[in-house]
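Chains A and B, in that order, give the protein sequences. Positions 1398 to 1745 (our numbering) are the ones given, in order, by the first sequence. Positions 241 to 387 (our numbering) are the ones given, in order, by the second sequence. We put the beta carbon where it would ideally sit given N, CA and C, even for glycine. Down below is the structure, laid out as C-alpha cells.
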Amino acid sequence: MSQPAAAARGFAMPRPGAAGRTAATADGLPEPGPAGPEPLAPDAIVELSEEQQAQRLSQMLDEFDREFIGLAPVKDRVREIAALLLVDRLRQRYGLTSSRPSLHMCFTGSPGTGKTTVATHLGALLRELGYLRRGQLVSVTRDDLVGQYVGHTAPKTKEVLKRAMGGVLLIDEAYYLYRPENERDYGQEAIEILLQFMEANREDLVVILAGYADRMDVFFRSNPGMASRIAHHIDFPDFTLDELIRIAELMLDREQYRLSAPAQAAFREYVRLRMAQPRFSNARSIRNAIDRMRLRQARRLVAADAPIGREDLMSISDADVRASRVFGGGRAAGPAEVGPAEVGPPAR
Amino acid sequence: MRITQGTFSYLPDLTDEEIAAQIQYAVDQGWAVAVEFTDDPHPRNVLWEMWGLPMFGIADAAAGMHEVAACRAAYPERYIRVSAYDASLGRQTTALSFLVNRPASEPGFRLDRTEGADRRIRYSLHTYAAQHPSGERYTSNGIGYSG
Chain A
1398 MSQPAAAARG FAMPRPGAAG RTAATADGLP EPGPAGPEPL APDAIVELSE
1448 EQQAQRLSQM LDEFDREFIG LAPVKDRVRE IAALLLVDRL RQRYGLTSSR
1498 PSLHMCFTGS PGTGKTTVAT HLGALLRELG YLRRGQLVSV TRDDLVGQYV
1548 GHTAPKTKEV LKRAMGGVLL IDEAYYLYRP ENERDYGQEA IEILLQFMEA
1598 NREDLVVILA GYADRMDVFF RSNPGMASRI AHHIDFPDFT LDELIRIAEL
1648 MLDREQYRLS APAQAAFREY VRLRMAQPRF SNARSIRNAI DRMRLRQARR
1698 LVAADAPIGR EDLMSISDAD VRASRVFGGG RAAGPAEVGP AEVGPPAR
Chain B
241 MRITQGTFSY LPDLTDEEIA AQIQYAVDQG WAVAVEFTDD PHPRNVLWEM
291 WGLPMFGIAD AAAGMHEVAA CRAAYPERYI RVSAYDASLG RQTTALSFLV
341 NRPASEPGFR LDRTEGADRR IRYSLHTYAA QHPSGERYTS NGIGYSG
C-alpha cells in the first residue's frame, strides 16, 4: 500500500475520474460535493441583485411575467417564493439555519386560466432555484391515482408519486379523489398515501392540487389534513377582455399569423360576445377560436384559387373572424365542436 | 467472506450518495431501475426476488432511493441489488446491476469436489447460509447462521 491511510478502508481501487485528486482524498475523508457555493464570513456583504443575476433568476422571472398575461396574484406569489428561496440560500452561506419551506400548493380558478401552464413553468423555475432537482411536471387525474379493486390503489398512487419525485405533481380536479357518497371508494386511500408522501418526502416533490374554487373548498373541508399541509393557496382570476386580446396576440404571433386591422376589431367584438356565453373557458376558448379562424382562412384561400403570397398565408381577414356563429347570436361551438377541453365540470 | 457480485463489487460499499448518483445515471440513460433482494447469494442464482415492479418513467434518483430504503427496512439482513434494464434492444437487457445492501456477516461458500469415473472431478459451491431454510438465513436470533 502506497497510501497508509487508504489501508484503513480496505482494498480501495482508484475511482474513475478521481486520479488527479488522490492526494486530497488520501486522508480517507469523503470529498466535499461539487455543489454549494463557498460559505461566507459573518461580516461579508452580498448584493442581492448580483446573486439573482448569477442564477439567471431575474431573467427567468421576467420571462415568466412576459409569458403570462394578467394573473397578478400568481406572479406575486411566485416572486415571493423565489425571493424566499434566494434568501434561504444566502442564509445557508452565512451559516444560519434555513429550513426548507413546504411548497405544496393549491391552484384554484376557472378552466383555461393557465393552471397547468403555470405549473409547468413553476417546475422549471424551482429547478433553477435549486429547490427541485429535475423540475419535470407529472400531470394526473383521479384515474391515475385510484385503483379499481382492493389493493390496487396503493401501488398505483405510489408509482405516480415516484414518477413525480424531483419535480412537480399536478393533480387536476383533485376533489374527485374524495367521494363522500360512496364510503367504499378507494379515493380516500389515495388521499392518505398522498398525505403521507407529501409529509415524508417534502424535499423531493411539490404537489399542486388544481381545480374549481368552490369544489376545492368542499374537498378541503372534508380533508382537513390535506388543507393543513398545503401552504400556498393561489387563486387564478378570470382574464379580462383586454388580457384575452393580448393573449390572442401572443398566440397568433407564436404561430406566425396576423390579424388585419378590421379583423382585430371583429375579433375584439367576438371575444366580448363569447365571454358572455356559457362554457367560456378563458384562454382555452381563445385558442380554439384561433384554431377555427385558421380553418376558415385556409378554406377561403383554397376556395379563392388565386395566386397566394407569404402575406396571404399569414393574415387572417375580417371575414374569417365574422363567419363565427357567435355573431349570429348562436353558440360559438356546436355540440360536435365542443371538445372535452371546453366542457365545464361534468355533472358527477 | 465478502461477496462480490455485479458492478462496483470490488470497490468499498457504495454510499447512499453514490448509489443515488448511479441510479440517476441509469434514469438519464432511459433505463428502468428495479430493486431486488435475496438470501441465496449463490453466483448462479440470477433471479432474485423483486421488490415491487421496475420503476418505469421515473425522472429522479430519489424515487429509486425511496424503494432501496424501503427494501432495506424490510430486509436489513439480505442482499439487495439495484438493476437497470435497457429496453432499447427490444429485449430485457441488464445494463447495470450492483449491490446496495449485504448482511452483517457473510459466511460464504465451501468448494465441494466430487470425484467421478476416471478421476474426473466435478466442482460445486456450497452456500453455508443456504443450510437453513429460506427466510431463516442471516438472522441473528440463533436459528440462522450468524457467523
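Start and end of the beta strand (DSSP E) containing ASP1569/A?
First-last of the beta strand (DSSP E) with ASP1569/A: 1565–1569.
Between LEU1522/A and VAL1603/A, which are expected to be in contact by the criterion C-beta below 8 Å, what is the C-beta distance as a whole number of angstroms?
That pair is no contact at about 11 Å.
Under the three-state reduction of DSSP, which class applies to GLY1520/A: helix, strand or coil?
Helix.
Out of ILE243/B, ARG242/B, ALA303/B, point me to the one whose CA is closest to ARG1531/A's CA.
It is ALA303/B whose Cα lies nearest to the Cα of ARG1531/A.
So is ILE259/B in contact with chain A if we call contact Cβ pairs under 9 Å?
No, no contact with chain A.
Using a C-beta to C-beta distance shorter than 9 Å, which residues of chain B count as neighbours of GLN1533/A?
By Cβ distance, chain B contributes ALA299, ASP300.
Between which two residues does the alpha helix (DSSP H) harbouring HIS306/B extend?
Start and end: 301–314.
So, with DSSP's three-state summary, where would you put ALA1730/A?
Reliability of the predicted coordinates at ALA1730/A is poor, the pLDDT of 48 falling under 50, and no value is obtained from them.
Kindly indicate which three-state DSSP category ARG1691/A falls into: helix, strand or coil?
Reduced to three states, the DSSP call for ARG1691/A is helix.
Got a sec, what are the start and stop residues for the alpha helix (DSSP H) PHE296/B sits in?
Where PHE296/B is concerned, there is no enclosing alpha helix (DSSP H), given that its DSSP letter is neither H nor E.
Measuring only between beta-carbons, confirm whether ALA303/B sits less than 9 Å from chain A.
Closer than 9 Å to some Cβ of chain A, the Cβ of ALA303/B qualifies, so yes.
Distance, Cα to Cα, SER1455/A vs ALA313/B?
C-alpha separation (whole angstroms): 44 Å.
Where do the N-terminal and C-terminal ends of the beta strand (DSSP E) with ILE1746/A fall, by residue?
Chain A is shown from 1398 up to 1745; residue 1746/A falls before or after that span and cannot be answered.
Taking 9 Å as the cut-off, decide whether the C-beta atoms of ALA272/B and VAL322/B are in contact.
Not closer than 9 Å, so no.
Using three-state DSSP, classify ILE1605/A as helix, strand or coil.
The answer is strand: DSSP assigns ILE1605/A an E or B state.
If we require 4 or more residues per run, which alpha helix (DSSP H) segments fall completely within the stretch 1618–1662 of chain A?
For the stretch 1618–1662 of chain A, whole alpha helix (DSSP H) runs of length 4 or above, ordered along the chain, are 1621–1626, 1638–1651.
According to DSSP, simplified to helix, strand and coil, what is GLU1589/A?
Helix, per DSSP.
Taking the continuous alpha helix (DSSP H) assigned at ARG258/B, which residues delimit it?
In the sequence on display, residue 258/B carries Glu and not Arg. GLU258/B -> alpha helix (DSSP H) spans 256–268.
Can you confirm whether GLU1556/A, when its beta carbon is compared against all beta carbons of chain B, has any partner nearer than 9 Å?
Chain B, which has a Cβ nearer than 9 Å to the Cβ of GLU1556/A, makes this yes.
The beta strand (DSSP E) spanning ARG1560/A covers which residue range?
Where ARG1560/A is concerned, there is no enclosing beta strand (DSSP E), although the alpha helix (DSSP H) it sits in stretches over 1550–1561.
Which of helix, strand or coil does DSSP assign to ARG1677/A?
Looking at the sequence itself, residue 1677/A is Phe, so the reference to Arg does not match. In this structure, PHE1677/A counts as coil in the three-state DSSP scheme.
Can you say whether TYR250/B is buried or exposed, counting buried as having 16 or more other CB atoms within 10 angstroms of its CB?
Exposed, because fewer than 16 other Cβ atoms sit within 10 Å of the Cβ of TYR250/B.
Go through its chain and collect everything with a Cβ distance to LEU1634/A's Cβ below 8 Å, but skip five positions before and after it.
For the record, residue 1634/A in the displayed sequence is Pro; it is not Leu. Cβ neighbours of PRO1634/A beyond the five flanking positions: GLY1467, LEU1468, ALA1469, PRO1470, GLY1506, THR1510.
Would you verify that the beta carbon of MET1595/A is, or is not, closer than 9 Å to some beta carbon of chain D?
Annotation note: the requested chain D is absent from the structure, which comprises protein chains A and B.
Mind checking whether ALA299/B and GLY1564/A have CB atoms under 9 Å apart?
Contact: yes.
With 9 Å set as the bound, which would you pick, yes or no: does the beta-carbon of ARG1696/A sit closer than that to a beta-carbon of chain B?
Cβ-Cβ to chain B under 9 Å: no for ARG1696/A.
For the candidate residues TYR1654/A, MET1672/A, MET1457/A, whose alpha-carbon lies nearest to that of LEU1526/A?
LEU1526/A has its Cα closest to that of MET1457/A, out of TYR1654/A, MET1672/A, MET1457/A.
So, for ARG1497/A: in the same chain, excluding its five sequence neighbours on each side, which residues have a beta-carbon less than 6 Å away from its beta-carbon?
Cβ neighbours of ARG1497/A beyond the five flanking positions: GLU1600.
Between which two residues does the beta strand (DSSP E) harbouring ASP326/B extend?
319–326 is the span of the beta strand (DSSP E), which, as asked, contains ASP326/B.
Under a CB-based cut-off of 9 Å, is GLY1584/A close to chain B?
Not an interface residue.
In terms of residues, what are the limits of the beta strand (DSSP E) holding ASP352/B?
Segment 349–355, the beta strand (DSSP E) holding ASP352/B.
Between GLU307/B and chain A, is the shortest Cβ-Cβ distance under 9 Å, so that the two count as touching?
Yes, GLU307/B counts as interfacial toward chain A.
For MET241/B, would you say it is in contact with chain A, using Cβ-to-Cβ distances shorter than 9 Å as the test?
Judged by the 9 Å Cβ criterion, MET241/B is not in contact with chain A.
Is ALA1663/A near ARG1719/A, with beta carbons less than 9 Å apart?
Against a cut-off of 9 Å, the Cβ pair of ARG1719/A and ALA1663/A comes out as a contact.
Where do the N-terminal and C-terminal ends of the beta strand (DSSP E) with LEU1710/A fall, by residue?
Here LEU1710/A belongs to no beta strand (DSSP E); instead the alpha helix (DSSP H) covers 1707–1711.
Are any of the Cβ atoms in chain B nearer than 9 Å to that of ASP1688/A?
No, ASP1688/A does not count as interfacial toward chain B.
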